[in-house]
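In this note's numbering, the protein residues as written are 496 to 784.
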């Protein structure tokens with residue numbers, strides 16, 4: 496069983512889900528899987544992927560996990576109460592092997608009941624593929640590369656440089672993910688003086704005492720194109736809905752969904768005072784800066 500906890504996902508899934516519960520509980524959505532390496536033969540593993548998704552849909556939140564979520568300042572008690580009753584439902588997801596050798600994964604249903612599928616399903620696809628194609632993984636090489644990168648981060652003059660883990664959906668395996676996080680925590684240090692800022696993965700933040708990181712995803716602003724009053728104003732609608740939910744908390748705005756020029760047009764002085772900053776997610780960071 497690859498996914499053993501519903502916390503094994505990105506924090507921003509929960510922060511967006513809370514907005515959905517309070518402001519868009521009736522929204523209907525559809526997700527489609529896209530493999531960014533065209534031609535990867537995933538069809539032979541479709542049955543195994545389905546079995547892992549079935550196991551995922553058997554999970555519920557444990558009491559300790561709910562208490563951890565309740566301890567986060569921006570998570571509201573009624574949302575945790577909802578999660579106490581929550582289970583993913585297999586009827587909303589379909590995995591199909593295609594004649595091309597690829598697979599189609601379609602998730603369709605209420606946004607509130609499908610939003611937590613994305614990250615664990617992507618992690619499942621990765622791990623199923625790699626455990627079938629890399630029967631004896633070269634962990635020594637992985638550790639050597641990790642050591643090299645840590646040494647680069649610890650070079651003179653980089654003491655204030657911080658990194659964070661956002662790799663759950665792309666990980667080689669759950670076990671390797673945990674090992675990397677433990678090594679980064681121990682070698683780079685955490686907290687204000689450390690170089691390892693934290694992880695987007697809520698389960699490992701809970702397990703290892705790391706800072707959980709994340710605010711909103713592209714998904715949120717894309718959905719607001721359909722949910723808002725006017726397409727032209729959908730980005731403004733998304734930021735206002737976010738501010739209504741979090742009242743100044745989680746104040747980092749995603750800036751590249753409609754293009755940077757559109758972001759600058761909409762993110763006026765009002766939002767500059769309402770949000771703490773913006774997130775650069777694509778393109779040239781120097782131009783963005």
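Note that the Cβ used here is the ideal one computed from N, Cα and C, for glycine as well.
Spatial distance of residue i from residue j (CA atoms)
{"i": "residue 773", "j": "residue 528", "result": "28 angstroms"}
{"i": "residue 659", "j": "residue 752", "result": "22 angstroms"}
{"i": "residue 585", "j": "residue 726", "result": "32 angstroms"}
{"i": "residue 754", "j": "residue 692", "result": "28 angstroms"}
{"i": "residue 579", "j": "residue 559", "result": "11 angstroms"}
{"i": "residue 687", "j": "residue 511", "result": "27 angstroms"}
{"i": "residue 744", "j": "residue 564", "result": "16 angstroms"}
{"i": "residue 784", "j": "residue 630", "result": "44 angstroms"}
{"i": "residue 520", "j": "residue 615", "result": "22 angstroms"}
{"i": "residue 567", "j": "residue 653", "result": "30 angstroms"}
{"i": "residue 676", "j": "residue 724", "result": "42 angstroms"}
{"i": "residue 610", "j": "residue 768", "result": "30 angstroms"}
{"i": "residue 662", "j": "residue 618", "result": "9 angstroms"}
{"i": "residue 576", "j": "residue 570", "result": "11 angstroms"}
{"i": "residue 757", "j": "residue 546", "result": "43 angstroms"}
{"i": "residue 628", "j": "residue 680", "result": "30 angstroms"}
{"i": "residue 655", "j": "residue 690", "result": "7 angstroms"}
{"i": "residue 777", "j": "residue 525", "result": "24 angstroms"}
{"i": "residue 530", "j": "residue 766", "result": "35 angstroms"}
{"i": "residue 657", "j": "residue 700", "result": "17 angstroms"}
{"i": "residue 535", "j": "residue 621", "result": "11 angstroms"}
Three-state secondary structure (DSSP) of residue i
{"i": "residue 637", "result": "helix"}
{"i": "residue 696", "result": "strand"}
{"i": "residue 580", "result": "coil"}
{"i": "residue 727", "result": "helix"}
{"i": "residue 711", "result": "coil"}
{"i": "residue 498", "result": "coil"}
{"i": "residue 632", "result": "coil"}
{"i": "residue 557", "result": "coil"}
{"i": "residue 657", "result": "coil"}
{"i": "residue 568", "result": "coil"}
{"i": "residue 536", "result": "coil"}
{"i": "residue 651", "result": "coil"}
{"i": "residue 601", "result": "strand"}
{"i": "residue 677", "result": "helix"}
{"i": "residue 669", "result": "helix"}
{"i": "residue 531", "result": "coil"}
{"i": "residue 612", "result": "coil"}
{"i": "residue 664", "result": "helix"}
{"i": "residue 742", "result": "coil"}
Unbroken beta strand (DSSP E) run spanning residue i, endpoints
{"i": "residue 524", "result": "523 to 527"}
{"i": "residue 590", "result": "588 to 592"}
{"i": "residue 749", "result": "747 to 749"}
{"i": "residue 772", "result": "772 to 774"}
Unbroken alpha helix (DSSP H) run spanning residue i, endpoints
{"i": "residue 508", "result": "506 to 518"}
{"i": "residue 549", "result": "541 to 551"}
{"i": "residue 760", "result": "755 to 761"}
{"i": "residue 766", "result": "764 to 769"}
{"i": "residue 782", "result": "780 to 783"}
At least 3 beta-carbon pairs within less than 8 angstroms: the segment 588 to 600 vs the segment 534 to 548: Two segments are said to touch when three or more pairs of C-beta atoms, one from each, lie closer than 8 angstroms; by this definition the segment 588 to 600 touches the segment 534 to 548.
Three-pair Cβ contact test at 8 angstroms for the segment 598 to 613 versus the segment 631 to 643: No, the segment 598 to 613 does not touch the segment 631 to 643.
Given 8 angstroms, three or more beta-carbon pairs between the segment 696 to 708 and the segment 503 to 523: A contact exists between the segment 696 to 708 and the segment 503 to 523.
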